[in-house]
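Asker: First the structure, which I've put down as structure tokens, then a few questions once you've had a look.
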Amino acid sequence: MEASKHLQRPRKVLVRRSAAEERPRLTKLLFNVTIQGSVGPVQVIMTRDSTVGDLIATAVRQYVKEGRPPMLPTAVPSGFNLHYSQFSLESLGMDEKLMSLGSRNFFLCRRKPPVPETDGSVMTSSSASSCSKEAEKSVNAGINWLKFMDFSL
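Take a look at the structure:
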């Protein structure tokens, strides 16, 4: 009988923890990165304090390691831009934190090679205009045709 006095009965009511202890913090996150021309996404596990540059480097390394077709022309991470989707014109900044982006699915495409300017100089990737500015140029170039169409009617 004395042994039964020392045994504790199992608790039937859960002990509530504070709000900070209730939810465990995520230490690693799963990202899906679709590389331009590839059939499916590359799945990459990253830490919560990783940057976009880290994700690009890891995704390119994983893609090359798996030997997926089509083969990449370069395995240098600085030759790629990361976008929210294939329809997004703006690329993400290399030093942005992955936790602040609000998405786990991304699209990776090659950067365009440096384009020679009309004055003979070469535009580098830092001085090159963004995709959205190039799209605006092409839209604005089509306005002259619209004026001509109005004139011909």
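Position one of the sequence shown corresponds to residue 1 (the UniProt record's numbering), numbered consecutively onward.
Note that beta-carbon positions come from the ideal geometry of N, C-alpha and C, so glycine has one too.
1) If I measure Cβ to Cβ from K97 and keep anything under 7 Å in the same chain, skipping five residues before and after, which residues do I get?
2) Is it buried or exposed, I45, if we count other Cβ atoms within 10 angstroms and call 16 or more buried?
3) Is it buried or exposed, T74, if we count other Cβ atoms within 10 angstroms and call 16 or more buried?
4) Distance, Cα to Cα, P69 vs S88?
5) Would you say L98 reaches chain D, if we count a Cβ-Cβ gap shorter than 8 Å as a contact?
6) Tell me the DSSP bridge mates of L55?
7) Which residues in the same chain as Q8 place their Cβ atom closer than 8 Å to its Cβ, once the five residues preceding and following it in sequence are excluded?
8) I'd like the list of long-range same chain contacts for I56, defined as Cβ closer than 7 Å, with 5 residues on each side in sequence excluded.
9) Looking only at C-alpha atoms, which of S38, P41, D54 sits nearest to L92?
10) Going by C-alpha to C-alpha distance, which of R25, L101, S38, M71 sits closest to Q86?
11) Using a 10 Å radius around the Cβ and a threshold of 16 neighbouring Cβ atoms, would you call V60 buried or exposed?
12) Whole-angstrom Cβ separation of Y63 and L72, contact assumed at under 8 Å?
Answerer: Let me lay it out:
1) D49, T51
2) exposed
3) exposed
4) 24 Å
5) No chain D appears in the structure shown, which is made up of a single protein chain.
6) Partner(s): none; L55 has no beta bridge.
7) none
8) P77, F80, L82, L108
9) D54
10) S38
11) buried
12) 7 Å
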